[in-house]
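Novice: Protein chains in written order, with numbering that gives the first Met the number 0: chain V, 0 to 327; chain E, 0 to 238.
Don't be surprised by glycine CBs; every beta carbon is placed ideally from N, CA and C.
One structure is given below, represented as structure tokens, and several questions about it will come after.
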Amino acid sequence: MSGLSPRQWTGLALLAALAIALPFAFEPRGYGIRILCLALLFAAMAQAWNIVAGLANQISLGHAAFFGIGAYTSTLLLIHFGITPWLGMFAAAILGGAAALLISLPTMRLRGHYFALATLAFGEVMRVIGNSWGGLTGGPVGISVPFAQPSLALMQFRETRSSYWLMLAALVVVTLVFVAIKRSRLGYRLRAIKENADAAEVIGVDTTRTKIIAAVISGALTAALGTLYAQFQFFFDPDTVFGVASVSVRMAMIAIVGGIGTAAGPILGALFVIPLEEFANQVFSAQAAGLSQLVFGLLLILVILIEPRGFMAIGPRLQRLLRKGDRR
Amino acid sequence: MTNPSALLSISGLHAGYGAMDVLHDVSIEVGAGEFVCVIGANTAGKSTLLRTISGLVAARGSIRFDGTELVGRPSHVIPALGIAHVPEGRHVFPEMTVEENVMLGAYAVRSAGDLAARCDRVLTMFPRLRERLTQLAGTLSGGEQQMAAIGRALMLQPRLLLLDEPSHGLAPKIVDELHDTFLAVSRTGTSILLVEQNTTLALSVAGRGYVLESGRVVLSGTSTELSGNDAVRSAYLGL
Numbered sequence: 000m001s002g003l004s005p006r007q008w009t010g011l012a013l014l015a016a017l018a019i020a021l022p023f024a025f026e027p028r029g030y031g032i033r034i035l036c037l038a039l040l041f042a043a044m045a046q047a048w049n050i051v052a053g054l055a056n057q058i059s060l061g062h063a064a065f066f067g068i069g070a071y072t073s074t075l076l077l078i079h080f081g082i083t084p085w086l087g088m089f090a091a092a093i094l095g096g097a098a099a100l101l102i103s104l105p106t107m108r109l110r111g112h113y114f115a116l117a118t119l120a121f122g123e124v125m126r127v128i129g130n131s132w133g134g135l136t137g138g139p140v141g142i143s144v145p146f147a148q149p150s151l152a153l154m155q156f157r158e159t160r161s162s163y164w165l166m167l168a169a170l171v172v173v174t175l176v177f178v179a180i181k182r183s184r185l186g187y188r189l190r191a192i193k194e195n196a197d198a199a200e201v202i203g204v205d206t207t208r209t210k211i212i213a214a215v216i217s218g219a220l221t222a223a224l225g226t227l228y229a230q231f232q233f234f235f236d237p238d239t240v241f242g243v244a245s246v247s248v249r250m251a252m253i254a255i256v257g258g259i260g261t262a263a264g265p266i267l268g269a270l271f272v273i274p275l276e277e278f279a280n281q282v283f284s285a286q287a288a289g290l291s292q293l294v295f296g297l298l299l300i301l302v303i304l305i306e307p308r309g310f311m312a313i314g315p316r317l318q319r320l321l322r323k324g325d326r327r
Numbered sequence: 000m001t002n003p004s005a006l007l008s009i010s011g012l013h014a015g016y017g018a019m020d021v022l023h024d025v026s027i028e029v030g031a032g033e034f035v036c037v038i039g040a041n042t043a044g045k046s047t048l049l050r051t052i053s054g055l056v057a058a059r060g061s062i063r064f065d066g067t068e069l070v071g072r073p074s075h076v077i078p079a080l081g082i083a084h085v086p087e088g089r090h091v092f093p094e095m096t097v098e099e100n101v102m103l104g105a106y107a108v109r110s111a112g113d114l115a116a117r118c119d120r121v122l123t124m125f126p127r128l129r130e131r132l133t134q135l136a137g138t139l140s141g142g143e144q145q146m147a148a149i150g151r152a153l154m155l156q157p158r159l160l161l162l163d164e165p166s167h168g169l170a171p172k173i174v175d176e177l178h179d180t181f182l183a184v185s186r187t188g189t190s191i192l193l194v195e196q197n198t199t200l201a202l203s204v205a206g207r208g209y210v211l212e213s214g215r216v217v218l219s220g221t222s223t224e225l226s227g228n229d230a231v232r233s234a235y236l237g238l
């Protein structure tokens, strides 16, 4: 971030201090801090998704595949071989990256809706495999992370705030990766593809290969975050970690609501969407079946109708409005 | 007129989309430093010809560039060989600045080194772009976008520049400016293969031309010869 002014640096430092200190404002084992943890995790996931979708405009609806692979990889390694999730997370990333490579080879030649549908199918295939291959995954019954004495070595914590800091660190890492890619040669290639694939091709960009590299990075990061999710929830089943609505679409939606292709977009999006979802659940779920989802859905539709480019576009829009006001 | 020393030598080229051939047995040559145009009606296969040279369309036959066979090579390696393509409809990257657009021309092929010097040369050729370096390319006028696209292509320092319908959709006054731009590029020694529906423009800048009809070369000659040809005059010049 060489382009930041001293004032922006100060702002960023204050924001960091606030983010680190925030858990002390919450009840240590309460509900609020758990929601915050999930919001940070989903922000990181949406940021990983943003690498391919935001920079190259390849909208994946199958990222749950990588997320689930990550959750199962580290958990199975822990259960069967006693391998710490810290290492399991790297194994998860490797498998997630490999899966992304595999699915990208045939699908990255596709654009737009065709790519979205192909990836959607891939996620669903993984969910079905997860449910059917009971011998490995435990099937639809789900799988539990063995509970041990809380210890950093096993990525299990007594205080939820330790999980919070872990999620925060993960978000920072994924965001730095996103920013580094965006400013690199790879980032320029991806943006060229997004804006005009044919023009990118004739100036010498190997478009398919470029998209595959980004997809592998994105898939690996998403799988590593799957490990964090497993260690945070202690229990999951194929329908949650490989779910279309619970993971794939939610990742995409968060990034889009916040501002696709920007570094801050997924963070703003997650801090809005995840608490909103919980709030809708709390207030409306007692009233009538499905009402909370309806309210949540309507609010999201409203946001996208007001500003299709997400929260990140609202600032510049306000500035323009103010400037117009000045001229008058 | 087969000339073994030609920079680009296309012979017996068939190309098309799927089972449909658009080009049939096309043979065309461009010598080093030469300015050649291909004229013809819509759907004659002019754009397909350039897209085939760039590797974007599957082909049979031979396209030799400075002794290297291009047929069968993937499109992204072709720019590095020294062929730059300015696609039809300008195709700038609208959400990037003019500077980013121009720089990307060389950025993608990793020739680095004298990037800044190259950029400066391009901007000297197009002073209008220099005035608008930080503006988003999508907000440029049509003629300026065409300049940016050509500038981006020139960043490669190509030996052959492929221009696809550069005058398309531009006001007559801008087309006149393009005329000068082409000649400026040509003077630097770059070979140019220009595809144009605007026959008057094409024959006024190119030294030699081919007439393409339904995917076949039906006529070729110097621009003076073509301008004087009755068939060309009635079909393409409206005289």
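Whose C-beta lies closer than 7 Å to the C-beta of V:T106 among residues of the same chain, with five residues either side of it excluded?
Specialist: Residue mapping note: residue 106 of chain V aligns to position 107 of the first sequence, counting from 1. The residues are F114, A117 and T118.
Novice: Given a threshold of 16 other Cβ atoms within 10 Å of its Cβ, counted over all protein chains shown, does V:A16 qualify as buried or as exposed?
Specialist: Position 17 of the first sequence, counting from 1, holds the residue named residue 16 of chain V. Counting Cβ neighbours within 10 Å, V:A16 comes out exposed, since fewer than 16 surround it.
Novice: Does V:A198 come within less than 8 Å of chain E when only Cβ atoms are used?
Specialist: Walking along the first sequence from the start, residue 198 of chain V turns up at place 199. Taking Cβ atoms only, chain E reaches closer than 8 Å to V:A198, which makes this a yes.
Novice: Quick one: using the 10 Å Cβ neighbour count with 16 as the cut-off for buried, is V:G296 buried or exposed?
Specialist: Taking the first sequence and counting its residues from 1, the one referred to as residue 296 of chain V is at position 297. The residue is exposed, with fewer than 16 neighbouring Cβ atoms inside 10 Å.
Novice: Determine which residues share a DSSP beta bridge with E:R207 and list them.
Specialist: For the purposes of this step, residue 207 of chain E is identified with residue 208 of the second sequence, where counting begins at 1. Partner(s): E:V35 and E:T221.
Novice: List the residues of chain B that E:P78 touches, going by C-beta distances under 8 Å, in chain order.
Specialist: Here chain B cannot be found, since the structure's protein chains are V and E.
Novice: Give the C-beta separation of E:I82 and E:L161 to the nearest angstrom, bearing in mind that I take them to be a contact with Cβ-Cβ under 8 Å.
Specialist: For the purposes of this step, residue 82 of chain E is taken as the residue at position 83 of the second sequence. For the purposes of this step, residue 161 of chain E is taken as the residue at position 162 of the second sequence. About 7 Å; that satisfies the 8 Å criterion.
Novice: Return the CA-CA distance between E:P171 and E:L192, expressed in angstroms with no decimal places.
Specialist: Within the second sequence, residue 171 of chain E is the residue found at index 172, counting from 1. Within the second sequence, residue 192 of chain E is the residue found at index 193, counting from 1. Going from the Cα of E:P171 to the Cα of E:L192 covers about 22 Å.
Novice: For the alpha helix (DSSP H) that E:E176 lies in, which residues bound it at each end?
Specialist: As a position in the second sequence, residue 176 of chain E is number 177, starting the count at 1. P171 to R186 is the extent of the alpha helix (DSSP H) around E:E176.
Novice: What runs of the alpha helix (DSSP H), each 4 residues or longer, lie entirely inside the region 192-234 of chain V?
Specialist: With a minimum length of 4 residues, the continuous alpha helix (DSSP H) runs that stay inside the region 192-234 of chain V are 196-201 and 206-232.
Novice: Measuring straight from C-alpha to C-alpha, what distance separates V:G133 and V:N56?
Specialist: The sequence position of residue 133 of chain V within the first sequence is 134, counting from 1. The sequence position of residue 56 of chain V within the first sequence is 57, counting from 1. Cα to Cα, the separation comes out at about 36 Å.
Novice: Taking the CB atoms as reference points, tell me whether V:N130 and V:P265 lie closer together than 8 Å.
Specialist: Counting from 1 along the first sequence, the entry for residue 130 of chain V is found at position 131. Counting from 1 along the first sequence, the entry for residue 265 of chain V is found at position 266. In this structure, V:P265 does not lie closer than 8 Å to V:N130 by Cβ.
Novice: Take V:V144 and list the residues in its own chain whose beta-carbon comes closer than 6 Å to its own, dropping the five residues that flank it on each side.
Specialist: Taking the first sequence and counting its residues from 1, one reaches residue 144 of chain V at position 145. Excluding residues within five positions, the ones whose Cβ falls inside 6 Å are T74, A229 and F233.
Novice: Tell me whether the beta-carbon of E:V25 lies closer than 8 Å to the beta-carbon of E:R215.
Specialist: Your numbering for residue 25 of chain E matches position 26 in the second sequence. Your numbering for residue 215 of chain E matches position 216 in the second sequence. Taking 8 Å as the Cβ cut-off, E:V25 and E:R215 qualify as a contacting pair.
Novice: Could you tell me how far apart the beta carbons of E:F34 and E:V204 are, in whole angstroms, since I believe they sit closer than 8 Å?
Specialist: By one-based count along the second sequence, residue 34 of chain E stands at place 35. By one-based count along the second sequence, residue 204 of chain E stands at place 205. Their Cβ separation, rounded to whole angstroms, is 6 Å, which keeps E:F34 and E:V204 in contact under 8 Å.
Novice: If you measure between the beta carbons of V:L170 and V:A42, is that distance less than 8 Å?
Specialist: Here residue 170 of chain V refers to the residue found at position 171 of the first sequence. Here residue 42 of chain V refers to the residue found at position 43 of the first sequence. Yes, the Cβ-Cβ distance between V:L170 and V:A42 is below 8 Å.
Novice: Between E:R50 and the rest of its own chain, which residues show a CB-CB distance below 7 Å, the 5 nearest in sequence each way excluded?
Specialist: Reading the second sequence from its first residue, position 51 is the one you call residue 50 of chain E. If we look at E:R50 and ignore the five residues flanking it on each side, its Cβ neighbours are V56.
Novice: Given a cut-off of 8 Å on the beta-carbon distance, is the pair V:R188 and V:V173 in contact?
Specialist: Counted from its first residue, the first sequence places residue 188 of chain V at position 189. Counted from its first residue, the first sequence places residue 173 of chain V at position 174. Contact: no.
Novice: Does the pairing of the region 281-298 of chain V with the region 155-163 of chain V give three or more beta-carbon distances under 8 Å?
Specialist: Judged by Cβ distances under 8 Å, the region 281-298 of chain V makes no contact with the region 155-163 of chain V, as fewer than three pairs qualify.
Novice: Measure the C-alpha to C-alpha separation of V:A64 and E:V70 and round it to an integer number of angstroms.
Specialist: The residue you call residue 64 of chain V lines up with position 65 of the first sequence. The residue you call residue 70 of chain E lines up with position 71 of the second sequence. The straight-line gap from Cα to Cα measures roughly 39 Å.
Novice: Looking only at C-alpha atoms, which of V:L86, V:L35, V:Y30 and V:S183 sits nearest to V:A20?
Specialist: The residue given as residue 20 of chain V occupies position 21 in the first sequence. Nearest option by C-alpha distance: V:L35.
Novice: Under 9 Å, CB to CB, which of the residues in the region 169-199 of chain V have a partner in chain E?
Specialist: Within the region 169-199 of chain V, the qualifying residues are R184, Y187, R188, R190, A191, K193, E194, N195, D197, A198 and A199.
Novice: Under 9 Å between beta-carbons, which chain V residues line up against E:A95? List them in chain order, please.
Specialist: Position 96 of the second sequence holds residue 95 of chain E. Reading off the sequence shown, one finds Met at residue 95 of chain E, where the question assumed Ala. By Cβ distance, chain V contributes Y187, R190, A191 and E194.
Novice: Between the Cα of V:S217 and those of V:L37, V:R182 and V:G61, spot the shortest distance and give me the residue it belongs to.
Specialist: Within the first sequence, numbered from 1, the residue matching residue 217 of chain V stands at position 218. For the residues V:L37, V:R182 and V:G61, the minimum Cα distance to V:S217 belongs to V:G61.
Novice: Which two residues bound the contiguous beta strand (DSSP E) that contains V:A263?
Specialist: The residue labelled residue 263 of chain V in the question sits at position 264 within the first sequence. No beta strand (DSSP E) holds V:A263; DSSP gives it neither H nor E.
Novice: Do E:T146 and E:F125 have their CB atoms nearer than 8 Å?
Specialist: Locating residue 146 of chain E in the second sequence gives position 147, counting from the first residue. Locating residue 125 of chain E in the second sequence gives position 126, counting from the first residue. Inspection of the sequence shows that residue 146 of chain E is occupied by Met rather than by Thr. Yes; because the gap between Cβ atoms is below 8 Å, this pair is in contact.
Novice: Looking only at its chain, what residues have a beta carbon closer than 6 Å to the beta carbon of V:I102, apart from the 5 residues adjacent to it on each side?
Specialist: Counting from 1 along the first sequence, the entry for residue 102 of chain V is found at position 103. Only F121 meet the Cβ criterion.
Novice: Note down, in chain order, every chain V residue with its Cβ under 9 Å from the Cβ of E:G104.
Specialist: Translated into positions along the second sequence, residue 104 of chain E becomes position 105. Chain V residues near E:G104: I202 and G203.
Novice: By Cβ distance, which residues of its chain are closer than 8 Å to V:A263, with the 5 residues on each side in sequence left out?
Specialist: What you label residue 263 of chain V is simply residue 264 of the first sequence in a count that begins at 1. Once the five neighbours on either side are set aside, the close Cβ partners of V:A263 are G257 and M311.
Novice: Would you say E:R232 lies against chain V (beta-carbon separation less than 8 Å)?
Specialist: As a position in the second sequence, residue 232 of chain E is number 233, starting the count at 1. It does not; no Cβ of chain V falls within 8 Å.
Novice: Check for me: the beta strand (DSSP E) holding E:G60 runs from which residue to which?
Specialist: By one-based count along the second sequence, residue 60 of chain E stands at place 61. Run containing E:G60: A58 to F64, per the beta strand (DSSP E) assignment.
Novice: Tell me whether V:F23 is buried or exposed, calling it buried when 16 or more other Cβ atoms sit within 10 Å of its Cβ.
Specialist: Position 24 of the first sequence, counted from the start, is the residue given in the question as residue 23 of chain V. Exposed, by the Cβ-count rule.
Novice: Please report how far the alpha carbon of V:A47 lies from the alpha carbon of V:G268, in whole angstroms.
Specialist: For the purposes of this step, residue 47 of chain V is taken as residue 48 along the first sequence, with counting starting at 1. For the purposes of this step, residue 268 of chain V is taken as residue 269 along the first sequence, with counting starting at 1. Approximately 14 Å, taken between the alpha carbons.
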